[in-house]
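A.B. asks:
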Amino acid sequence: MHMEKNIKTYFTVLLAIMISWSCSKNPSENNDNFLKPTAEVKEVISKAVEGTKTGAQLAMMKPHSIDQMKKWMPLQYKDFVLDSDSFVEFGEMSRISVRYRNSQSPEKTIFLEFVDGAGPMATVLMGMVNLKLGKEFEESSNQGYLKVYTRKGVTVYEKEISDPQASVLEYALQDRFYFLIQGEKIPTSELWGFADQLDPSKIK
Numbered sequence: 000m001h002m003e004k005n006i007k008t009y010f011t012v013l014l015a016i017m018i019s020w021s022c023s024k025n026p027s028e029n030n031d032n033f034l035k036p037t038a039e040v041k042e043v044i045s046k047a048v049e050g051t052k053t054g055a056q057l058a059m060m061k062p063h064s065i066d067q068m069k070k071w072m073p074l075q076y077k078d079f080v081l082d083s084d085s086f087v088e089f090g091e092m093s094r095i096s097v098r099y100r101n102s103q104s105p106e107k108t109i110f111l112e113f114v115d116g117a118g119p120m121a122t123v124l125m126g127m128v129n130l131k132l133g134k135e136f137e138e139s140s141n142q143g144y145l146k147v148y149t150r151k152g153v154t155v156y157e158k159e160i161s162d163p164q165a166s167v168l169e170y171a172l173q174d175r176f177y178f179l180i181q182g183e184k185i186p187t188s189e190l191w192g193f194a195d196q197l198d199p200s201k202i203k
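Going by numbering that gives the first Met the number 0, the letters in the sequence shown line up with residues 0 to 203, in that order.
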């Protein structure tokens with residue numbers, strides 16, 4: 000349950016920035032200024048988007064719809080079955096999260112959060128993701144490890160702890176599609192099996 004909560008709160012800082020775009024003291028007084036970023040927010044956004052190779056192009060693109068994203072998600076991976084009641088949507092952003100539960104071992108759970116980074120709002124997110132993944136490193140202890148490294152040409156944040164057993168994968172594909180995948184009672188090796196089947200180029 001704690002990982003599901005983490006997924007829902009992961010973008011708190013980002014959402015705070017989005018909210019701060021409402022820079023007018025009384026938006027109803029001047030609709031032209033409503034949801035326009037302040038100079039400070041513009042600076043943060045600019046630095047974040049600089050991390051993407053195609054930030055300007057992405058901002059002009061139309062993202063996939065939530066319905067398209069739902070249809071693309073696999074209904075099952077091995078013994079892990081999609082829980083259709085667990086879908087969470089996030090307003091106007093093309094962002095969705097869902098839970099998969101193991102039918103043979105219900106304590107084993109996968110949480111998937113997926114974002115299509117096209118469009119002006121999500122482009123900021125992708126810039127922040129790229130900043131987070133900008134430097135490779137590795138740390139380990141008797142409780143587990145975390146590292147940022149390159150896997151199959153993709154920069155990945157990977158974390159695994161032993162007690163309670165949990166794992167996390169975070170990465171972006173094509174400077175556009177963001178993945179946050181968290182597993183409970185699942186090692187990263189098994190989580191990668193699930194992640195490797197997710198091909199956003201097949202969204203229709």
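Just so it is clear, CB atoms sit at the ideal spot from N, CA and C, and this is done for glycine as well. Since the structure is predicted, the reported quantities are computational estimates derived from the model, not experimental observations.
1. Alpha carbon to alpha carbon, what distance is there between residue 63 and residue 93?
2. What residue does the beta strand (DSSP E) around residue 146 start on, and which one ends it?
3. Taking Cβ to Cβ, would you say residue 77 is nearer than 7 Å to residue 185?
4. Kindly list the residues whose CB is nearer than 6 Å to the CB of residue 51, restricted to its own chain and excluding five residues on each side of it in sequence; keep chain order.
5. How about residue 160 and residue 182: are their beta carbons less than 7 Å apart?
6. From residue 158 to residue 105, what does the alpha carbon distance come to, in whole angstroms?
7. If you draw a straight line from the alpha carbon of residue 154 to that of residue 167, how long is it in whole angstroms?
8. In angstroms with no decimal places, state the Cα-to-Cα distance between residue 119 and residue 194.
9. Check this for me: beta carbons of residue 101 and residue 79, under 7 Å apart or not?
10. With residue 96 and residue 81 assumed to form a contact (beta carbons below 8 Å), what rounded beta-carbon distance in angstroms separates them?
11. Leaving aside the five residues before and after residue 145 along the sequence, list all residues of the same chain whose C-beta is less than 6 Å from its C-beta, in chain order.
12. When the distance is taken between beta carbons, is residue 172 closer than 7 Å to residue 180?
13. How many angstroms separate the CA atom of residue 117 from the CA atom of residue 176?
C.D. replies: So, from the data block:
1. 7 Å
2. 143–150
3. no
4. Unreliable positioning characterises residue 51 in this predicted model, as indicated by a pLDDT of 48, which lies under 50. The coordinate reading is nonetheless provided below. 125, 126, 129 and 174.
5. no
6. 22 Å
7. 14 Å
8. 26 Å
9. yes
10. Between residue 81 and residue 96 the Cβ distance is about 12 Å, and since that is not below 8 Å, they are no contact.
11. 138 and 158
12. no
13. 8 Å
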